[in-house]
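Line by line, the protein sequences are chains A and B.
If you're matching positions, the first sequence starts at 40 in this note's numbering and goes up one per residue.
If you're matching positions, the second sequence starts at 4 in this note's numbering and goes up one per residue.
Since the structure comes first, as structure tokens, the remarks are kept for the end.
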Amino acid sequence: MRDLVRHAWLIARKDLQLEFRSRTALASAVVFTALVLVIFEHGRDPTAVPTIDLAPSILWVTFSFAAMLALNRAFQAELENQALDGLLLAPISRTSLFWGKLGANLVFVALVQIVGILLFILFFNVPVWRIWVPLLLVSALATVGFIAVGTLFSAMVVRTRFAELMLPVLLLPFLLPPLIAAVAITVKLFAGRPLSESAGWLRLLAGYDLAFVSLTTLLFPATVTE
Amino acid sequence: MLWARDLSHAFGAIRALDGISFTLDRGQTLVIFGPNGAGKTTLLRVLAGLVRPARGAAGVEGGRRSIGWIGHQSQLYGHLTVAENLRFWGTLYDVAPPDLARRQAELLARLGLEARAGQQVRTLSRGETQRAAIARALIHDPPVLLLDEPFTGLDRLAAEELGRLLGELAARGRATVLVTHDVEEGTELASEVAFMRTGRFLAYGPRAARDAATLTAAYREVVGGA
């Protein structure tokens with residue numbers, strides 16, 4: 040177990056180091072987030088629908104699509120010089136490779152979400168600061184399972200010809216349950232309701248995370264073996 | 004040290020390996036000559052455990068940890084420096100930090116890359132990248148080497164230096180399988196020779212010919228003028 044975590048940490052650290060050096064995906068995701076928020080801000084009639092009603096959906100749709108940009112890059116770096124062969128040949132378990140990739144993706148998506156929240160406050164003037172702790176919890180719960188599924192699919196499609204198209208097509212159906220739950224909880228939080236009122240949705244998110252992190256961990260080794 | 008028994012594998016209708024068997028002991032170097040598409044790379048990938056054969060089995064004493072692999076690509080990360088790449092791969096192979104620093108310094112000096120240690124791999128020339136890939140493959144001092152066209156991209160001096168290095172490693176008991184389409188390459192290193200075409204060893208045994216010219220003539224006779 041210790042080796043598994045240590046190797047996963049090495050992989051995650053390397054991925055983050057590569058991303059912070061190249062900044063390609065991070066920059067794309069942040070620019071994408073900013074653009075989507077600007078479009079939503081200027082493309083709606085504020086007198087027709089109150090901001091507070093639209094804000095949760097806008098926030099989570101933006102997060103979801105920005106996360107897909109992050110997931111697309113997860114295995115791209117490994118293909119550049121066939122480094123994936125080296126990783127598969129190294130004396131590390133496939134599980135540590137998966138957990139390393141998952142860890143790096145989670146950090147990456149968390150960074151995009153932090154920037155997204157700041158831009159969201161700027162554009163929509165929603166008092167997020169009052170609910171930042173429960174919102175953080177919801178973000179974490181809604182992101183982990185979805186990113187686990189995305190990491191698995193990213194490994195599956197990376198060697199296909201249309202990887203960047205395939206990933207959203209495969210991933211979107213799996214995104215719906217956490218997306219719906221996250222939006223429902225965020226609506227209540229923005230309305231000033233306590234988190235305890237969303238216990239059912241929180242249980243759904245926790246169950247989704249548990250099920251899909253376990254399932255993807257089990258399935259990953261088969262996806263990277265020829 | 005290394006063995007293959009009745010290996011067969013196909014990609015759709017294309018038969019890549021057809022009944023390959025051999026054993027290799029400590030200090031032996033098997034050089035496999037064959038034209039493009041003969042199945043040489045597939046054989047190395049099966050030996051490394053990267054491809055599961057449809058039939059037969061292969062094994063390496065000590066498992067994956069014992070293998071040093073040089074493939075068609077460098078398996079290096081372009082945005083990391085040469086030293087960072089070597090540290091990453093060495094750590095994945097559990098090389099202890101003091102040994103890793105010593106091995107890294109030795110290999111960089113031996114391969115003429117000392118001045119390039121702090122340079123990102125994407126900025127290196129083709130030959131320098133290949134030398135860095137060789138350093139990566141040897142960083143954990145593997146007892147078995149699987150080399151796929153290792154002289155590609157090297158200038159004459161670097162190729163001679165690699166030849167000397169491989170000779171020394173064989174003298175120190177390393178078992179090596181080297182595949183190439185060029186009979187001029189690797190001849191001097193071979194203790195065993197195989198001619199390969201359409202997934203089969205057409206000839207296999209101890210190197211009888213003393214020089215490249217004799218071996219080329221034998222190769223043309225067996226493989227058919229390639």
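Every residue gets a Cβ at the ideal spot worked out from N, C-alpha and C, and that includes glycine.
7 Å is my cut-off, CB to CB: does B:T155 come that close to chain A? Position 152 of the second sequence, counted from the start, is the residue given in the question as residue 155 of chain B. Cβ-Cβ to chain A under 7 Å: no for B:T155.
Going by beta-carbon coordinates alone, are A:F147 and A:A109 separated by less than 7 Å? To locate residue 147 of chain A, count along the first sequence from 1; it is residue 108. To locate residue 109 of chain A, count along the first sequence from 1; it is residue 70. Yes, they are a contact pair.
Please list the partners that B:T94 has in chain A, where partner means a Cβ-to-Cβ separation under 7 Å. The residue labelled residue 94 of chain B in the question sits at position 91 within the second sequence. Going along chain A in sequence order, the residues near B:T94 (Cβ under 7 Å) are L49.
Starting from B:R113 and walking both ways along the alpha helix (DSSP H), at which residues does that stretch end? The residue you call residue 113 of chain B lines up with position 110 of the second sequence. Note, B:R113: alpha helix (DSSP H), 100-113.
Considering only the beta carbon of each residue, do A:L243 and A:A221 sit closer than 7 Å? The residue labelled residue 243 of chain A in the question sits at position 204 within the first sequence. The residue labelled residue 221 of chain A in the question sits at position 182 within the first sequence. Contact: no.
Mind checking if B:G202 is an interface residue toward chain A, Cβ cutoff 7 Å exclusive? Locating residue 202 of chain B in the second sequence gives position 199, counting from the first residue. By this cut-off, B:G202 is not an interface position.
Pick from A:G231, A:F71, A:R62: whose alpha carbon is nearest that of A:P173? For the purposes of this step, residue 173 of chain A is identified with residue 134 of the first sequence, where counting begins at 1. The shortest Cα separation from A:P173 among A:G231, A:F71, A:R62 belongs to A:G231.
Determine whether the Cβ of B:R58 lies closer than 7 Å to any Cβ atom of chain A. In the second sequence, residue 58 of chain B corresponds to position 55, counting from 1. With 7 Å as the cut-off, B:R58 does not count as an interface residue toward chain A.
Between A:R60 and chain B, is any beta-carbon pair separated by less than 7 Å? In the first sequence, counting from the first residue as 1, residue 60 of chain A sits at position 21. With 7 Å as the cut-off, A:R60 counts as an interface residue toward chain B.
Going by the DSSP bridge assignment, what does B:M231 pair with across the sheet? Outside the displayed span of chain B (4 to 229) sits residue 231 of chain B, for which this structure offers no information.
What first and last residue would you give for the alpha helix (DSSP H) that runs through A:R60? Position 21 of the first sequence, counting from 1, holds the residue named residue 60 of chain A. First-last of the alpha helix (DSSP H) with A:R60: 41-61.
If you draw a straight line from the C-alpha of B:E188 to the C-alpha of B:F154, how long is it? Residue numbering aside, residue 188 of chain B sits at position 185 when the second sequence is read from its first letter. Residue numbering aside, residue 154 of chain B sits at position 151 when the second sequence is read from its first letter. One C-alpha to the other measures close to 7 Å.
At 8 Å on the CB atoms, spell out the chain B contacts of A:P130, in chain order. Taking the first residue of the first sequence as 1, we reach residue 130 of chain A at position 91. In chain order: G66, R67, R68, L95, Y96, D97.
So with CB distances below 8 Å, who are the chain B contacts of A:T264? Against the first sequence, residue 264 of chain A aligns to sequence position 225. Chain B residues near A:T264: R55.
Our contact map puts B:Q122 next to B:G81 with C-beta atoms below 8 Å; I'd like the distance itself, whole angstroms only. Residue 122 of chain B sits at position 119 when you count from the first residue of the second sequence. Residue 81 of chain B sits at position 78 when you count from the first residue of the second sequence. Their Cβ separation, rounded to whole angstroms, is 11 Å, which puts B:Q122 and B:G81 out of contact at 8 Å.
Supposed close pair A:V226, A:P95 - CB separation, criterion 8 Å: Walking along the first sequence from the start, residue 226 of chain A turns up at place 187. Walking along the first sequence from the start, residue 95 of chain A turns up at place 56. Rounded, the Cβ-Cβ distance is 5 Å, consistent with contact.
Excluding the 5 residues preceding and the 5 following A:L141 in the sequence, name in chain order all residues of the same chain whose CB lies nearer than 7 Å to its CB. The residue given as residue 141 of chain A occupies position 102 in the first sequence. These residues qualify, in order along the chain: I186, A187, T190.
Is DSSP giving B:A229 helix, strand or coil here? The residue given as residue 229 of chain B occupies position 226 in the second sequence. Only weak support is given to the placement of B:A229: the predicted model assigns it a pLDDT of 46, under 50, and the value that follows is read from those uncertain coordinates. Of the three classes helix, strand and coil, the one that applies to B:A229 here is coil, per DSSP.
With 16 as the cutoff for other CB atoms within 10 Å, does B:R139 come out buried or exposed? Residue mapping note: residue 139 of chain B aligns to position 136 of the second sequence, counting from 1. By the neighbour-count rule (16 or more Cβ atoms within 10 Å), B:R139 is buried.
Coarse secondary structure for A:P216, derived from DSSP in three states: As a first step, residue 216 of chain A is located in the first sequence; it is residue number 177 there, counting from the start. Correct three-state label for A:P216: helix.
Using DSSP's beta-bridge definition, name the partner residues of A:F162. Within the first sequence, residue 162 of chain A is the residue found at index 123, counting from 1. The partner list for A:F162 (beta bridge, DSSP) is empty, contrary to what the question assumes.
Proximity below 7 Å, CB of A:A64 to CB of A:R112: Locating residue 64 of chain A in the first sequence gives position 25, where the first residue counts as 1. Locating residue 112 of chain A in the first sequence gives position 73, where the first residue counts as 1. Result yes, Cβ atoms of A:A64 and A:R112 sit closer than 7 Å.
Going by alpha carbons, who is nearest to B:E64 out of B:L148, B:A221, B:E195? As a working mapping, residue 64 of chain B is identified with position 61 in the second sequence. Nearest C-alpha to B:E64: B:L148.
Simplified DSSP assignment, three categories, for B:P209: Looking up residue 209 of chain B in the second sequence gives position 206. Note: B:P209 maps to strand in three-state DSSP.
Would you mind listing the alpha helix (DSSP H) stretches within the stretch 180-237 of chain A that are 4+ residues and don't spill past its ends, in chain order? 202-229
Enumerate in chain order the residues of its own chain whose CB-to-CB distance from A:T199 is below 7 Å, with the five nearest sequence positions on each side excluded. Translated into the one-based positions of the first sequence, residue 199 of chain A becomes position 160. For A:T199, where only same-chain residues beyond five positions count, the Cβ hits under 7 Å are M205.
Short of 6 Å in beta carbon distance, which residues of its chain neighbour B:G176, apart from the five on each side in sequence? Order them along the chain. Stepping through the second sequence from its first residue, residue 176 of chain B is reached at position 173. Excluding residues within five positions, the ones whose Cβ falls inside 6 Å are R29, G30.
Please identify the residue among A:S132, A:F159, A:Y247, A:G246 whose C-alpha is closest to the C-alpha of A:R45. For the purposes of this step, residue 45 of chain A is taken as the residue at position 6 of the first sequence. Per the Cα distances, A:S132.
Just the C-alpha distance for A:L157 and A:I91, rounded to the nearest angstrom, thanks. Stepping through the first sequence from its first residue, residue 157 of chain A is reached at position 118. Stepping through the first sequence from its first residue, residue 91 of chain A is reached at position 52. Roughly 16 Å between the two C-alpha positions.
In angstroms, rounded to a whole number, what distance separates the CA positions of A:V151 and A:P130? For the purposes of this step, residue 151 of chain A is taken as residue 112 along the first sequence, with counting starting at 1. For the purposes of this step, residue 130 of chain A is taken as residue 91 along the first sequence, with counting starting at 1. Using only the alpha carbons, I get a separation of about 33 Å.
Assuming the contact rule is C-beta atoms closer than 8 Å, B:L79 and B:A61 should be a hit. Round their C-beta distance to whole Å, please. Translated into the one-based positions of the second sequence, residue 79 of chain B becomes position 76. Translated into the one-based positions of the second sequence, residue 61 of chain B becomes position 58. 26 Å between Cβ atoms; not a contact.
Counted within 10 angstroms of its Cβ, other Cβ atoms place A:P212 as buried (16 or more) or exposed: Counting from one through the first sequence, the residue named residue 212 of chain A turns up at place 173. So A:P212 counts as exposed.
Near-chain B residues of the stretch 101-134 of chain A (beta-carbon distance less than 7 Å), N- to C-terminal order: A116, E119, N120, Q121, A122, D124, G125, L127, L128, A129, P130, I131
Taking only the alpha-carbon atoms, compute the straight-line gap between B:P199 and B:D185 and give it to the nearest angstrom. To locate residue 199 of chain B, count along the second sequence from 1; it is residue 196. To locate residue 185 of chain B, count along the second sequence from 1; it is residue 182. The identity of residue 199 of chain B in the sequence shown is Met, whereas the question assumes Pro. Roughly 12 Å separates the two Cα atoms.
By Cβ distance, which residues of its chain are closer than 7 Å to B:E131, with the 5 residues on each side in sequence left out? Indexing the second sequence from 1 puts residue 131 of chain B at position 128. If we look at B:E131 and ignore the five residues flanking it on each side, its Cβ neighbours are L116, R119.
Whether or not the stretch 40-59 of chain B and the stretch 9-20 of chain B are in contact is what I'm after, with contact meaning three or more pairs of Cβ atoms, one per stretch, closer than 8 Å; do they touch? yes
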